[in-house]
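Here the structure comes first, spelled out in structure tokens, and everything after it is commentary.
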Amino acid sequence: MTKIKSTMLKRLLAFLCLQRTFFVKAVQDFETKVALLTSVEQEDPKCFAEGMVDLTCFWEEDGHRAPDQYTFTYKYQNENSSACAVASQPAGGGRTRYFCRLSRVKHFVSLDLQVFRNGTPLHNRSLSIDLVFLLDPPANLTVTRTGKKGQLRLRWLPPSLKHMTDSMMYEVSYALAGSRMGKLEVVRGNTEFILHNLQAATRYDVRVRAKPDGLAYNGYWSAWTPSVSMETPPSDLDPLIIGLCLVISLILTLLSLSVFLSHRRFLWKMWPLIPSPENQFPGLFTVYGGDFLEWLGQSNGWLQLRPGLFYQEAISDPLEVLSEARNGPLTPGRTQPPGPQACCVE
């Protein structure tokens, strides 16, 4: 009997611990969704649907007042108004959050909401439940390598919502590990995605969030999944090896060019260029194709007609008369040096 009681007590404690775990997680999820909705929705009361059969609405006020001072009513199109019990919880910063969960949910019809405080209207709003979904984030995000350069494969489970699995859209965020600058990819109706054009041998942080695709249902982006890190495969060629190969190739190219230029200078020194005789023999190569005998035969007559090519006739120069000789005999005993005779040469 004692053993039975002990076993039952252990089971009860385990059940209470499990319930406490579920309760703590539910409170954390609710706080997360309230924070998300507060950042994107300005109108009060703010409402969101976590599934097909629920709707939660809330608003916040400064200070603290008892929940029984507030009245929350809702009315579907062509129906009478219904009341919803108001609860409260601390919101931090001296504020109080008031909320209620509707017991009747209808989709694709207009819903009118009103909030009264001590009978005075405080908030009113009209909405459609199928447009205010705020789902749980995707579950079990895994990142693996594809075996190809610059790729990572992502898989996840959709939010646990019946009949809406194919009506989901997802946003994938990925960035270098530790970096705040990332990229976004939108995936529709699929729970698998491959990232392309990633840097080799680099660690990436990946996360995913979800919302209805907007065709039949719509709403707000869910919270992000916890980030998952994975390193991409290394490159086939190491950048260091590529750099060394380029440097070695450049050095070999410069050496080859230097040897080639040195070889040409050596050839010029050993076998200098022989001047062409073409300038000394007009027409020999251009007209007679280098046939010297034919060129000589054609040139003999021209050479005979131009003796001036071989010798020149002496050209007479004018001679100036400096003095004239006198006529008559010479005086004996005196000799006179011969002088130039009078002449005139033209």
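Letter by letter, the sequence shown follows residues -26 to -1, 1 to 320 in mature numbering (1 follows the signal peptide of the UniProt record, and there is no 0).
Where is the CB? At the ideal position from N, CA and C, for every residue including glycine.
Only a predicted model underlies this, so the values are computations on that prediction, with no experimental measurement involved.
Task: Every unbroken beta strand (DSSP E) within the segment 158 to 186, with a cutoff of 3 residues, ordered by chain - done: With a minimum length of 3 residues, the unbroken runs of beta strand (DSSP E) contained wholly in the segment 158 to 186 fall at 166 to 169, 177 to 186.
TODO: Note down the Cα distance separating Leu279 from Leu235, rounded to an integer number of angstroms.
DONE: Because the pLDDT of Leu279 is 42, which lies under 50, any placement of that residue in the model is unreliable, and the question is left without a value.
Open item on the list: Assuming contact is defined by CB atoms lying nearer than 9 Å, are Ser187 and Met142 in contact in what I supplied?
Closed with: Checking the displayed sequence, the identity of residue 187 turns out to be Asp instead of Ser. Yes, they are a contact pair.
Open item on the list: Starting from Phe259, trace the beta strand (DSSP E) in both directions and tell me its first and last residue.
Closed with: Per DSSP, Phe259 belongs to no beta strand (DSSP E) and is neither H nor E.
Open item on the list: Assuming Arg99 is part of the beta strand (DSSP E), what are its boundary residues?
Closed with: 94 to 101
Open item on the list: Between which two residues does the beta strand (DSSP E) holding Pro64 run?
Closed with: 61 to 66
- [ ] Whole angstroms is fine: what's the gap from Ala184's alpha carbon to Ser56's?
- [x] 32 Å
Task: Residue of Lys136, Arg78, Lys122, Pro111 minimising C-alpha distance to Asp3 - done: The residue with the shortest Cα to Cα distance from Asp3 is Pro111.
Open item on the list: Tell me whether the segment 94 to 113 and the segment 1 to 16 touch, counting them as touching only if at least three CB pairs, one residue from each stretch, are closer than 8 Å.
Closed with: yes
TODO: Have a look at Ser196, Asp210, Ala40, Ala65 and flag the residue whose alpha-carbon is nearest the alpha-carbon of Gly121.
DONE: Asp210
- [ ] On a CA-only basis, which of Tyr50, Asp179, Asp140 is nearest His81? Give me that one, please.
- [x] Tyr50
TODO: Could you tell me whether the Cβ atoms of Val106 and Tyr194 are closer together than 9 Å?
DONE: yes
Open item on the list: Under 8 Å, with one C-beta from each stretch per pair, do the segment 132 to 152 and the segment 165 to 177 reach the 3-pair mark?
Closed with: yes
Task: Residue interval of the beta strand (DSSP E) (run including Met204) - done: 202 to 205
Task: Length of the line joining the Cα atoms of Glu24 and Trp33 - done: 17 Å
Task: Continuous beta strand (DSSP E) assignments of at least 3 residues falling wholly in the segment 27 to 91 - done: 30 to 36, 44 to 50, 56 to 58, 61 to 66, 69 to 75, 85 to 91
Task: Length of the line joining the Cα atoms of Gly282 and Leu231 - done: Low confidence applies to Gly282: its pLDDT is 47, below 50, so where it sits in the model is not reliable, and the reading given next is rough at best. Cα-Cα distance, rounded: 56 Å.
Task: Cβ neighbour criterion (16 or more within 10 Å) applied to Ser13 - done: exposed
Task: Reduced DSSP category for Glu268 - H, G, I as helix; E, B as strand; rest coil - done: helix
Task: the segment 93 to 104 touching the segment 65 to 83, judged by at least three CB pairs closer than 8 Å - done: yes
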